[in-house]
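Taking it in order: structure first as structure tokens, then the write-up.
Number of protein chains: 2
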Amino acid sequence: MTRKRFDEMGCSVACALNEVGDWWSLLVVKQAMLGTRRFVDFQHNLGIAKNILCNRLTRLVDNGVMVRVDVGEHGKRYEYRLTDKGRDLFTVVTALRQWSERWNGEKDSMQLVDRQTGEPLAPVTVQNQQGQTLTVRDVRFVDEDGKPLEEAG
Amino acid sequence: MTRKRFDEMGCSVACALNEVGDWWSLLVVKQAMLGTRRFVDFQHNLGIAKNILCNRLTRLVDNGVMVRVDVGEHGKRYEYRLTDKGRDLFTVVTALRQWSERWNGEKDSMQLVDRQTGEPLAPVTVQNQQGQTLTVRDVRFVDEDGKPLEEAG
DNA sequence: CCAGAAAGGTTGCATAACGAAACCAAATAA
DNA sequence: TTATTTGGTTTCGTTATGCAACCTTTCTGG
Numbered sequence: 078m079t080r081k082r083f084d085e086m087g088c089s090v091a092c093a094l095n096e097v098g099d100w101w102s103l104l105v106v107k108q109a110m111l112g113t114r115r116f117v118d119f120q121h122n123l124g125i126a127k128n129i130l131c132n133r134l135t136r137l138v139d140n141g142v143m144v145r146v147d148v149g150e151h152g153k154r155y156e157y158r159l160t161d162k163g164r165d166l167f168t169v170v171t172a173l174r175q176w177s178e179r180w181n182g183e184k185d186s187m188q189l190v191d192r193q194t195g196e197p198l199a200p201v202t203v204q205n206q207q208g209q210t211l212t213v214r215d216v217r218f219v220d221e222d223g224k225p226l227e228e229a230g
Numbered sequence: 078m079t080r081k082r083f084d085e086m087g088c089s090v091a092c093a094l095n096e097v098g099d100w101w102s103l104l105v106v107k108q109a110m111l112g113t114r115r116f117v118d119f120q121h122n123l124g125i126a127k128n129i130l131c132n133r134l135t136r137l138v139d140n141g142v143m144v145r146v147d148v149g150e151h152g153k154r155y156e157y158r159l160t161d162k163g164r165d166l167f168t169v170v171t172a173l174r175q176w177s178e179r180w181n182g183e184k185d186s187m188q189l190v191d192r193q194t195g196e197p198l199a200p201v202t203v204q205n206q207q208g209q210t211l212t213v214r215d216v217r218f219v220d221e222d223g224k225p226l227e228e229a230g
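Those protein sequence lines, which keep their order, are chains R and X. Just so we're aligned, residue 78 is where the first sequence starts under our numbering, counting upward by one. Just so we're aligned, residue 78 is where the second sequence starts under our numbering, counting upward by one.
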């Protein structure tokens with residue numbers, strides 16, 4: 078009767094959520110993107126309990142999203158850093174942030190800007206090969222043979 | 078000692094996760110994007126317990142992500158459909174799906190294609206105003222006055 | 001070098017969330 | 001009319017989360 082995990086559902090989204098869909102996980106990743114690396118800093122910046130933070134960091138490390146780097150002179154001082162896989166979640170986190178801002182208004186005093194130009198980012202969108210923006214209604218779900226997937230039944 | 082929610086953290090990402098970050102929530106949204114509308118269909122397609130599904134649907138409706146539409150002749154037959162706000166999560170779900178496929182391989186027999194051309198979608202990316210792709214290292218986090226945010230301390 | 005603080009946990013306990021199955025009323029199908 | 005489907009709610013056992021206390025190793029100040 079353990080909580081059902083999403084790894085054996087044959088679905089990429091489920092698989093992703095299995096790795097970063099726990100309560101707090103994506104916030105830890107977001108915080109790491111802001112530059113936080115130390116255990117105590119995550120703790121204070123997020124207001125998360127130590128045991129939960131410990132669990133989430135371990136889990137993220139196990140899933141290859143972060144790495145624990147030994148920075149103490151004689152060990153026992155660590156930094157948690159994003160891996161390439163973890164940094165690649167930037168799209169997801171940014172999409173979530175923008176979605177929230179669009180529908181719930183600015184909840185964040187912080188803004189994201191292009192380091193080069195200082196301009197705000199463009200909205201993250203789903204696009205086709207030609208760069209045209211697509212909504213969920215502009216796509217089809219097909220199986221491996223290209224046959225349309227009829228669902229909902 | 079109730080579970081800490083993310084609505085009062087002054088962070089857009091946290092606010093978003095507060096609405097769709099519960100276990101199962103985003104999978105329900107994804108399933109809705111595949112065309113599922115009925116309670117029983119969500120239940121069977123996802124393999125979720127009825128009480129949890131009930132809770133998540135209610136929560137999604139409360140948060141304006143879905144609506145419950147009465148489709149029975151005399152009431153008591155419902156459909157759950159995505160609102161505009163819900164459909165706007167397409168970017169998030171697609172980014173998650175692609176992230177999983179990039180780092181964990183194809184876990185999905187299903188593919189997403191442009192309805193017009195039949196071609197697979199382009200990778201979702203964060204871009205600046207000029208359409209150039211940005212990584213997390215190409216952005217800066219600034220406060221309302223444009224001053225850089227020094228974090229992690 | 002020594003005392004004390006800080007980092008990075010672990011443990012125990014109370015409460016909330018989750019999962020499975022049973023149960024139930026209204027609406028529909030046979 | 002009876003059976004079945006839909007869309008739940010209830011109950012109960014297990015797991016997850018939150019908080020505080022504690023613990024060991026490493027740094028810091030003197």
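Even glycine gets a Cβ: it sits at the ideal position worked out from N, Cα and C.
I'd like to know whether the C-beta of residue i is nearer than 7 angstroms to at least one C-beta of chain X.
| i | result |
| --- | --- |
| Met110/R | yes |
| Val148/R | no |
| Glu156/R | no |
| Glu85/R | no |
| Val144/R | no |
| Leu134/R | no |
Flag residue i as yes if its beta-carbon sits less than 7 angstroms from any beta-carbon of chain R, otherwise no.
| i | result |
| --- | --- |
| Asp139/X | no |
| Gln177/X | It should be pointed out that residue 177/X corresponds to Ser in this sequence rather than to Gln. Taking Cβ atoms only, chain R reaches closer than 7 angstroms to Ser177/X, which makes this a yes. |
| Gln120/X | no |
| Arg174/X | yes |
| Thr160/X | no |
| Leu104/X | yes |
| Leu130/X | no |
Strictly below 7 angstroms CB to CB, what residues from chain R border residue i?
| i | result |
| --- | --- |
| Val213/X | Met110, Arg164 and Phe167 |
| Cys92/X | Ser177, Asn181 and Lys184 |
| Val203/X | Phe167, Thr168, Thr171, Leu198 and Val201 |
What does the alpha-carbon distance come out to for the pair residue i and residue j?
| i | j | result |
| --- | --- | --- |
| Ala93/X | Gly223/R | 34 angstroms |
| Pro197/X | Leu226/R | 15 angstroms |
| Leu134/X | Lys153/R | 45 angstroms |
| Arg115/X | Asp118/R | 44 angstroms |
| Arg105/R | His121/X | Reading off the sequence, residue 105/R comes out as Val, not Arg. Computed Cα separation, rounded: 32 angstroms. |
| Pro81/X | Asp99/X | In the sequence under discussion, the amino acid at residue 81/X is Lys, which differs from the Pro named in the question. Each residue's alpha carbon lies about 12 angstroms from the other. |
| Gln209/X | His151/X | 54 angstroms |
| Ser177/X | Val90/R | 7 angstroms |
| Asn205/R | Glu156/X | 30 angstroms |
| Val190/X | Gln175/R | 24 angstroms |
| Ile125/R | Ala109/R | 14 angstroms |
| Arg217/R | Ala199/X | 14 angstroms |
| Arg136/R | Lys107/R | 15 angstroms |
| Thr212/R | Val201/R | 12 angstroms |
| Trp101/X | Leu123/X | 9 angstroms |
Using DSSP with H/G/I as helix, E/B as strand and the rest coil, what is residue i?
| i | result |
| --- | --- |
| Gly149/X | coil |
| Gln206/X | coil |
| Val142/R | coil |
| Val201/R | coil |
| Asp156/X | The question names Asp, yet the displayed sequence has Glu at residue 156/X. In the structure shown, Glu156/X sits in a strand (DSSP, three-state: E or B). |
| Gln188/R | strand |
| Phe83/X | coil |
| Arg217/R | strand |
Taking C-beta pairs closer than 9 angstroms, name the residues in chain R that residue i reaches, listed in chain order.
| i | result |
| --- | --- |
| Phe218/X | Met110, Leu111, Gly112, Met187, Gln188, Leu189 and Val190 |
Starting from residue i, find everything on chain X with Cβ-Cβ shorter than 7 angstroms and list it in chain order.
| i | result |
| --- | --- |
| Cys88/R | Lys184 and Asp185 |
| Lys107/R | Val90 |
Are the CB atoms of residue i and residue j nearer to each other than 7 angstroms?
| i | j | result |
| --- | --- | --- |
| Val144/X | Thr168/X | no |
| Asp220/X | Cys88/R | no |
| Thr113/X | Val203/R | no |
| Lys127/X | Val142/X | no |
| Arg192/X | Asp215/R | yes |
Below 8 angstroms on C-beta distance, what does residue i contact in chain X?
| i | result |
| --- | --- |
| Arg80/R | Trp100 |
| Val170/R | Val90 |
Heavy atom of the ligand FMN less than 6 angstroms from the Cβ of residue i, yes or no?
| i | result |
| --- | --- |
| Phe167/R | As far as ligands go, the structure on display features none, and thus does not contain the ligand FMN. |
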